[in-house]
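Below is one structure; the comments refer to it alone.
Protein chains: 2
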Amino acid sequence: MEKLDAQPLYTRVKRALAERILSGIWAPGRLLPNEFQLAEEFGVSQGTVRKALDALAAEHLVERHQGRGTFVARHTSDTVHFRFFQLYDAGGRIQPDSRDVRVAVADPSGRERAALALAPEGRVIRITRTRTHEDHPIIDEQISLSEALFSGLLERETIPNTLYDLYQTDFGITVARVEENLRAAPASEATARRLDCPVGTPVLAIERVAFDYSGQPVEWRVSQCLTDSVFYHSTLK
Amino acid sequence: MEKLDAQPLYTRVKRALAERILSGIWAPGRLLPNEFQLAEEFGVSQGTVRKALDALAAEHLVERHQGRGTFVARHTSDTVHFRFFQLYDAGGRIQPDSRDVRVAVADPSGRERAALALAPEGRVIRITRTRTHEDHPIIDEQISLSEALFSGLLERETIPNTLYDLYQTDFGITVARVEENLRAAPASEATARRLDCPVGTPVLAIERVAFDYSGQPVEWRVSQCLTDSVFYHSTLK
DNA sequence: AAGTGGTCTAGACCACTAC
DNA sequence: TAGTGGTCTAGACCACTTT
Chain L
0 MEKLDAQPLY TRVKRALAER ILSGIWAPGR LLPNEFQLAE EFGVSQGTVR
50 KALDALAAEH LVERHQGRGT FVARHTSDTV HFRFFQLYDA GGRIQPDSRD
100 VRVAVADPSG RERAALALAP EGRVIRITRT RTHEDHPIID EQISLSEALF
150 SGLLERETIP NTLYDLYQTD FGITVARVEE NLRAAPASEA TARRLDCPVG
200 TPVLAIERVA FDYSGQPVEW RVSQCLTDSV FYHSTLK
Chain Z
0 MEKLDAQPLY TRVKRALAER ILSGIWAPGR LLPNEFQLAE EFGVSQGTVR
50 KALDALAAEH LVERHQGRGT FVARHTSDTV HFRFFQLYDA GGRIQPDSRD
100 VRVAVADPSG RERAALALAP EGRVIRITRT RTHEDHPIID EQISLSEALF
150 SGLLERETIP NTLYDLYQTD FGITVARVEE NLRAAPASEA TARRLDCPVG
200 TPVLAIERVA FDYSGQPVEW RVSQCLTDSV FYHSTLK
């Protein structure tokens with residue numbers, strides 16, 4: 000390892016490993032060399048490699064399994080749902096279905112341009128769908144993606160319920176963090192039609208921006224939710 | 000250290016230290032013995048003590064400062080506000096003021112009894128107040144506390160804006176975790192009166208239960224928020 | 001039985017804070 | 001200058017998984 004970086008050794012090892020993962024040299028699911036092999040490669044002790052790997056595991060970049068090894072983290076619909084989906088009913092996290100899915104390309108609105116940090120000539124892919132829980136419509140959802148990052152999405156015949164594993168598998172984009180802003184708002188005419196409720200009904204408006212590991216915004220999503228039978232849950236520690 | 004507990008050494012050290020802090024033997028703000036002194040006391044190595052202290056720091060039970068030492072964590076209005084308050088405006092986290100504060104003792108409702116896990120004969124202290132931001136009422140707040148835990152609160156002349164540092168300082172109760180459930184709802188007649196808005200206006204209803212380190216619920220709070228100029232922010236990683 | 005990550009030790013040196 | 005936590009090493013042994 001080169002020195003004089005004024006940062007701890009394990010930080011430099013961590014960054015070197017993160018680079019291999021984020022660049023795709025090590026693909027999701029891949030087994031990493033063991034701690035001693037990495038220690039030898041970087042010219043540090045095994046304890047230093049361990050600290051770097053533990054930090055990467057805390058950021059969900061790798062998964063460690065005693066007796067098996069350390070693997071590049073792979074997004075599955077379950078793990079993503081558990082990390083990033085916060086709507087519950089009395090029985091726990093809900094798994095809504097989708098209907099009336101539409102996909103289209105459009106020139107971005109000002110908010111889309113800002114949220115996705117689009118280039119001046121960039122266009123967006125918009126996915127709109129109504130999500131149902133126990134056959135009742137509860138979420139009116141609009142998702143905006145940069146066309147530059149997700150070209151090819153339009154040609155798909157079907158859009159799965161959970162998108163983030165698709166982003167990783169088909170587009171090489173791994174969501175690392177989401178920021179959500181919540182407000183109460185009256186249902187618009189369009190939302191009321193899709194949710195089969197009166198115009199003006201209070202809905203929970205969730206604005207979400209999803210970021211990849213480099214901090215670049217990759218998805219903007221607005222969900223209008225009826226909260227008669229579900230609620231948004233948050234734990235603060 | 001006694002053995003045969005089938006748990007790692009550092010876990011046992013951590014629990015022993017946590018017990019001293021939670022029981023009050025080591026009060027908030029107190030300087031702990033250094034790592035080598037603790038290692039000698041427990042008959043383990045310094046590295047094991049370090050791992051225990053790092054885990055306690057991650058749970059906000061202690062604070063570590065290079066060159067100064069390790070201290071029992073002390074709640075201040077700032078740290079608590081930063082950890083547990085999620086309402087923002089365009090400029091960042093807001094710090095609402097309070098008005099029309101009322102404190103009273105009452106027999107608990109069924110929901111209060113359930114949320115606070117009250118004993119059959121237990122009563123509650125209710126604090127109601129209207130919270131303002133830039134002189135506009137934005138939150139209609141009701142807080143319920145077990146009278147058994149907070150006796151003496153009624154005699155106070157004033158109730159501060161941030162309560163959790165008061166809980167720790169005056170009642171020995173440290174909030175470790177809060178769980179919040181959010182819904183959109185129409186403003187009730189009472190809420191509309193206090194927030195100076197029409198009945199039925201969509202408000203963000205935040206139901207919060209706060210827990211201490213042992214997992215016991217210590218506070219139940221319902222906030223009805225107008226979200227014209229503020230929003231609830233959540234980051235998921 | 002072989003290989004992996006998890007725990008634990010003993011000791012060295014560095015970076016920061018206080019006196 | 002003394003004392004603290006932070007980093008790093010080298011090595012031992014344990015617990016778990018796979019073959």
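The listed protein sequences derive, respectively, from chains L and Z. So for the first sequence, numbering that gives the first Met the number 0 puts the first residue at 0; every next one is plus one. So for the second sequence, numbering that gives the first Met the number 0 puts the first residue at 0; every next one is plus one. Cβ atoms here follow ideal geometry from the backbone N, Cα and C, with glycine treated the same way.
Just the C-alpha distance for residue i and residue j, rounded to the nearest angstrom, thanks.
i: V48 (chain Z); j: L37 (chain Z); result: 7 Å
i: A189 (chain L); j: F170 (chain L); result: 31 Å
i: R63 (chain L); j: A51 (chain L); result: 12 Å
i: C224 (chain L); j: H80 (chain Z); result: 28 Å
i: K13 (chain Z); j: S233 (chain Z); result: 30 Å
i: H132 (chain L); j: R73 (chain L); result: 27 Å
i: T173 (chain L); j: V43 (chain Z); result: 42 Å
i: A183 (chain L); j: V198 (chain L); result: 14 Å
i: S143 (chain L); j: F83 (chain L); result: 17 Å
i: L165 (chain Z); j: R176 (chain Z); result: 16 Å
i: T168 (chain Z); j: W219 (chain L); result: 43 Å
i: P159 (chain Z); j: D77 (chain Z); result: 13 Å
i: T161 (chain L); j: D96 (chain L); result: 10 Å
i: Y212 (chain L); j: E58 (chain L); result: 9 Å
i: R122 (chain Z); j: R155 (chain Z); result: 18 Å
i: R130 (chain L); j: R207 (chain L); result: 16 Å
i: S21 (chain L); j: E39 (chain L); result: At residue 21 (chain L) the sequence reads Leu, which differs from the Ser that was named. Looking at the two C-alpha atoms, the distance is approximately 22 Å.
i: Y231 (chain L); j: A118 (chain L); result: 33 Å
i: I126 (chain Z); j: R101 (chain Z); result: 6 Å
i: R98 (chain L); j: R128 (chain L); result: 6 Å
i: G293 (chain L); j: L148 (chain Z); result: What is shown of chain L runs 0 to 236, which leaves residue 293 (chain L) out entirely.
i: I205 (chain Z); j: L181 (chain Z); result: 5 Å
i: I93 (chain L); j: S228 (chain L); result: 11 Å
i: K226 (chain L); j: H135 (chain Z); result: Correcting the residue type first, residue 226 (chain L) is Thr in the shown sequence and not Lys. Spanning the two alpha carbons is a distance of roughly 26 Å.
i: V202 (chain L); j: D53 (chain L); result: 41 Å
i: Q6 (chain L); j: A209 (chain L); result: 29 Å
i: L115 (chain L); j: P216 (chain L); result: 5 Å
i: T200 (chain Z); j: S108 (chain Z); result: 26 Å
i: L3 (chain L); j: G214 (chain L); result: For L3 (chain L), the predicted model reports a pLDDT of 44, less than 50, meaning its position is unreliable and no value from the coordinates is stated.
i: Q85 (chain L); j: Q141 (chain L); result: 17 Å
i: C196 (chain Z); j: I124 (chain L); result: 38 Å
i: R11 (chain L); j: Y163 (chain L); result: 29 Å
i: G91 (chain L); j: F41 (chain L); result: 45 Å
i: A89 (chain Z); j: D88 (chain L); result: 31 Å
i: P185 (chain L); j: R110 (chain L); result: 20 Å
i: A26 (chain Z); j: A26 (chain L); result: 49 Å
i: A191 (chain L); j: A191 (chain Z); result: 23 Å
Whose CA, out of the options, lies closest to the CA of residue i?
i: D106 (chain L); options: L:E120, L:Q94, L:E179; result: L:E120
i: L55 (chain L); options: L:R19, L:H132, L:K236; result: L:R19
i: G66 (chain L); options: L:N33, L:T75, L:L86, L:G46; result: L:N33
i: Y9 (chain Z); options: Z:R29, Z:V208, Z:Q45, Z:A26; result: Z:Q45
i: F70 (chain Z); options: Z:Q6, Z:L16, Z:F210, Z:R128; result: Z:L16
i: T75 (chain L); options: L:A116, L:L148, L:G28; result: L:G28
i: V104 (chain L); options: L:S150, L:E140, L:T226, L:K236; result: L:S150
i: R112 (chain L); options: L:I137, L:E146, L:G91, L:D139; result: L:E146
i: K236 (chain Z); options: L:V217, L:E178, L:L115, L:A116; result: L:E178
i: I138 (chain Z); options: Z:S187, Z:L152, Z:R110; result: Z:S187
Exposed or buried, residue i, counting other C-beta atoms within 10 Å across all chains shown (16 or more means buried)?
i: V61 (chain Z); result: buried
i: R193 (chain L); result: buried
i: F35 (chain L); result: exposed
i: S222 (chain L); result: buried
i: I24 (chain Z); result: exposed
i: T157 (chain L); result: exposed
i: L152 (chain Z); result: buried
i: L30 (chain L); result: exposed
Check: Counting only runs that start and end within the region 106-173 of chain Z, where is the beta strand (DSSP E) found for 3 or more residues in a row?
Finding: Listed in chain order, the complete beta strand (DSSP E) runs (minimum 3 residues) inside the region 106-173 of chain Z are 123-132, 135-145.
Check: If contact means a Cβ-Cβ distance below 8 Å, which residues of the region 155-186 of chain Z contact chain L?
Finding: Those residues of the region 155-186 of chain Z that come within reach of chain L (Cβ to Cβ, closer than 8 Å) are A175, R176, V177, E178, E179, N180, L181, R182, A183, A184, P185.
Next item on the list: Go through the region 24-73 of chain Z residue by residue and report every complete run of the beta strand (DSSP E) that reaches 3 residues or more, in order.
Entry: Scanning the region 24-73 of chain Z from its first residue to its last, the whole beta strand (DSSP E) runs of 3-plus residues come out as 61-64, 68-71.
Item checked: Under 7 Å (Cβ pairs) to chain L, residues found in the region 194-207 of chain Z -> Legend: CB atoms of the region 194-207 of chain Z lying less than 7 Å from CB atoms of chain L belong to residues P201, V202, L203.
Notebook entry, point to check: If contact means a Cβ-Cβ distance below 9 Å, which residues of the region 20-50 of chain L contact chain Z?
Noted result: For chain Z, none of the residues of the region 20-50 of chain L brings a beta carbon within less than 9 Å of one of its beta carbons.
Next item on the list: Using a Cβ-Cβ cut-off of less than 8 Å, list which residues of the region 73-87 of chain L approach chain Z; keep chain order.
Entry: Under the 8 Å Cβ criterion, the region 73-87 of chain L contributes R82, F83, Q85, Y87.
Next item on the list: Compile a chain-ordered list of the residues in the region 224-235 of chain Z whose CB is closer than 7 Å to at least one CB of chain L.
Entry: For the region 224-235 of chain Z, which is checked against every Cβ of chain L, the residues closer than 7 Å are T226, F230, Y231, H232, S233, T234, L235.
Notebook entry, point to check: At which residue ranges does the region 181-230 of chain L contain complete beta strand (DSSP E) runs of 3 or more residues, listed in the order of the chain?
Noted result: Fully enclosed beta strand (DSSP E) runs of 3 or longer: 201-211, 216-224.
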